[in-house]
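2 protein chains.
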Amino acid sequence: MFEKKLKKAYHYIFEEDLLQEILKNGELGQAKAGEKIIEIGDYVKSMPLLLEGAIKILRQDKDGDELLLYFLEHGDTCAMTLSCCLGQTRSEIRAVAEKDTLFVMVPIAKMEEWTSKYKSWRNFVFESYHNRLSEMLDTIDSIAFMNLDQRLMKYLQDKAKINGDDVLQVTHQEIAYDLHTSRVVISRLLKKLELEGKIKLQRNNIKVLHL
Amino acid sequence: MFEKKLKKAYHYIFEEDLLQEILKNGELGQAKAGEKIIEIGDYVKSMPLLLEGAIKILRQDKDGDELLLYFLEHGDTCAMTLSCCLGQTRSEIRAVAEKDTLFVMVPIAKMEEWTSKYKSWRNFVFESYHNRLSEMLDTIDSIAFMNLDQRLMKYLQDKAKINGDDVLQVTHQEIAYDLHTSRVVISRLLKKLELEGKIKLQRNNIKVLHL
DNA sequence: AAGCATTAGTAACATTGGTCACAGTGGCGG
DNA sequence: CCGCCACTGTGACCAATGTTACTAATGCTT
Numbered sequence: 164m165f166e167k168k169l170k171k172a173y174h175y176i177f178e179e180d181l182l183q184e185i186l187k188n189g190e191l192g193q194a195k196a197g198e199k200i201i202e203i204g205d206y207v208k209s210m211p212l213l214l215e216g217a218i219k220i221l222r223q224d225k226d227g228d229e230l231l232l233y234f235l236e237h238g239d240t241c242a243m244t245l246s247c248c249l250g251q252t253r254s255e256i257r258a259v260a261e262k263d264t265l266f267v268m269v270p271i272a273k274m275e276e277w278t279s280k281y282k283s284w285r286n287f288v289f290e291s292y293h294n295r296l297s298e299m300l301d302t303i304d305s306i307a308f309m310n311l312d313q314r315l316m317k318y319l320q321d322k323a324k325i326n327g328d329d330v331l332q333v334t335h336q337e338i339a340y341d342l343h344t345s346r347v348v349i350s351r352l353l354k355k356l357e358l359e360g361k362i363k364l365q366r367n368n369i370k371v372l373h374l
Numbered sequence: 164m165f166e167k168k169l170k171k172a173y174h175y176i177f178e179e180d181l182l183q184e185i186l187k188n189g190e191l192g193q194a195k196a197g198e199k200i201i202e203i204g205d206y207v208k209s210m211p212l213l214l215e216g217a218i219k220i221l222r223q224d225k226d227g228d229e230l231l232l233y234f235l236e237h238g239d240t241c242a243m244t245l246s247c248c249l250g251q252t253r254s255e256i257r258a259v260a261e262k263d264t265l266f267v268m269v270p271i272a273k274m275e276e277w278t279s280k281y282k283s284w285r286n287f288v289f290e291s292y293h294n295r296l297s298e299m300l301d302t303i304d305s306i307a308f309m310n311l312d313q314r315l316m317k318y319l320q321d322k323a324k325i326n327g328d329d330v331l332q333v334t335h336q337e338i339a340y341d342l343h344t345s346r347v348v349i350s351r352l353l354k355k356l357e358l359e360g361k362i363k364l365q366r367n368n369i370k371v372l373h374l
């Protein structure tokens, strides 16, 4: 049973009645690190409430080029999914587990009911939208106003924070995908950052020094 | 009185009761083309429902560099503002009238009440968030995946659509601000687009040929 | 140990977009 | 009609990023 974990993550947001409803209607979901959770074009019929772990949300264009939008953590939900549910549209994004992840899938059927019944649910949904819009603005700021080396540094910091570890198990190629650039460019900039003393490079991992 | 205009724009979304509440609590606002409506950092205490005209929403970084996020039209509201209202935070964006614009300012105080009382209001708010997230994704796609000439073409097309006129009254410098680049670059690309037969350049205006 | 795949380092070059400098053009007020 | 000013055109150059191609290191497999 996931009652304990649900309460741990959400008791300070939701009232007891609502927590019980979630327990009754929700279904536990899980994903191993790296596992795909939602693909672009998927028809989404339930929304995930994150209990443990982290998920990265990616955008992809028609040529298959990717771009990391943001990470979701414990206590977050995917407003984008939510948005799809309500609008009955297909997913515009791809979701991949960043770490081993645990979540509750709540059927949209309940959404409408809870929204009118529970103030805390309404607030949660609105706040979730607010957070997602903020993240998107942040992402836009990065790609519009920052140089690649700054974006890279931010990426490494965010990733270190999400994983709770300064040593990132990640290849240059993966970073290149997330930032929508090429491996060569990332290698070049990482080397530069190392010379500046901001990171330490090893094979298959990167240690972030200046948080 | 703006009753007629309000009903014209929103009667198919809101029930009569809600329209009356909006009329009772809302305040008419207007802005001339080019006029600033919301500035970054403003403390927003009411949300605008657009009746006529159009508004452009801009992001600005610390150095004062700007970037056009999207346009709002009749029937839209600014989810970003809404988000600020609910979160009691300051505006993260700047709003400028694209044309002469008419809108109703609705005090947030009423928001919470309406959200629990009117299903149509809830749907409107959710749909609004959904639309804004979509626009943001679109913007991200543009800056992440497209070259400047493609972005420029898209900008011109969007602008022509919003203004309902293929002839845009706009200077190269203005475009440069909206796309966050320099005037010289825009002049160069516009000339290229003209040679490709996609637009026709005149002083102070641009005619979009290939819609 | 030989062979192979993955990952990383690096030089050389191409392209895109940004900057600087200056010239031309059209409109408008005096 | 002159002079100013906002707007536009353009060449030359620069910086950032993307591309290609090759080498080297590591570790796994057989």
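As you go down the protein sequences, you meet chains A and L in turn. The opening residue of the first sequence carries number 164 in the numbering used here; numbering runs sequentially from there. The opening residue of the second sequence carries number 164 in the numbering used here; numbering runs sequentially from there. Using N, Cα and C, we set each Cβ at its ideal position, and we do this for glycine too.
Rounded to the nearest whole angstrom, the CA to CA distance from A:R351 to A:E337 is 15 Å. Among the CB atoms of chain L, one or more fall inside 8 Å of the CB of A:F308. The continuous stretches of alpha helix (DSSP H) do not include A:L372, and DSSP gives it neither H nor E. Under the 8 Å Cβ criterion, the region 194-214 of chain L counts as touching the region 261-279 of chain L, having at least three qualifying pairs.
Taking a Cβ-Cβ cut-off of 7 Å, the neighbours of A:S246 in chain L comprise Y292, H293, L296, given in sequence order. In this structure, the alpha-carbon of A:N294 lies about 16 Å from that of A:M210. Residue contact check for A:L300 against chain L: a CB pair falls below 8 Å. Uninterrupted alpha helix (DSSP H) stretches at least 4 residues long and entirely within the region 176-259 of chain A occur at 179-188, 242-250, given in chain order. Contact between the region 247-254 of chain A and the region 196-208 of chain A is present, with at least three C-beta pairs closer than 8 Å. Contacts with chain A at 8 Å (Cβ-Cβ) include L:D224. Residues of chain A with a Cβ closer than 9 Å to the Cβ of L:E255 are, in chain order, L296, S297, L300. Those residues of the region 231-245 of chain L placed with their C-beta closer than 8 Å to a C-beta in chain A are L232, A242, M243, ordered along the chain. For A:I303, the C-beta contacts it makes with chain L under 8 Å involve R222, L230, L232, M299, T302, I303, I306, in order along the chain. With distances taken between CA atoms, A:L245 lies nearest to A:R285 out of A:R285, A:Y281, A:E229. Closest option to L:I325, judged by alpha-carbon separation, among L:E202, L:K167, L:F177, L:I218: L:I218.
Per DSSP, the continuous beta strand (DSSP E) segment holding A:T264 begins and ends at 264-270. L:K354 is classed as exposed because its beta carbon has fewer than 16 other beta carbons within 10 Å across all chains shown. From the beta-carbon of A:L249, the residues of chain L found nearer than 7 Å are F289, H293. Within chain A, the residues whose beta carbon sits less than 7 Å from that of L:T278 are R285, listed in sequence order. For L:H373, the nearest beta carbon of chain A is not closer than 8 Å to its own beta carbon. Against chain A, a Cβ distance below 9 Å from L:H343 picks out A307, F308. Short of 6 Å from the beta carbon of A:R346, and not among the five residues preceding or following it, lie these beta carbons of its own chain, in chain order: H335, Q336, A339. Under the three-state reduction of DSSP, A:Q320 is assigned to helix. With respect to the 8 Å criterion, A:V371 and A:L319 are classified as neighbours on the basis of their beta carbons. For A:Y292, the number of other beta carbons within 10 angstroms of its own is at least 16, and it is reported as buried. In the structure shown, A:Q332 adopts coil according to DSSP, grouped into three states.
Note: A:L364 is bridge-paired with A:I369 in the DSSP secondary-structure output. When DSSP states are grouped into helix, strand and coil, L:F165 belongs to the coil group.
For L:T344, no alpha helix (DSSP H) run applies, since DSSP gives it neither H nor E.
Around the CB of L:V330, fewer than 16 other CB atoms lie within 10 Å, so the residue is classed as exposed.
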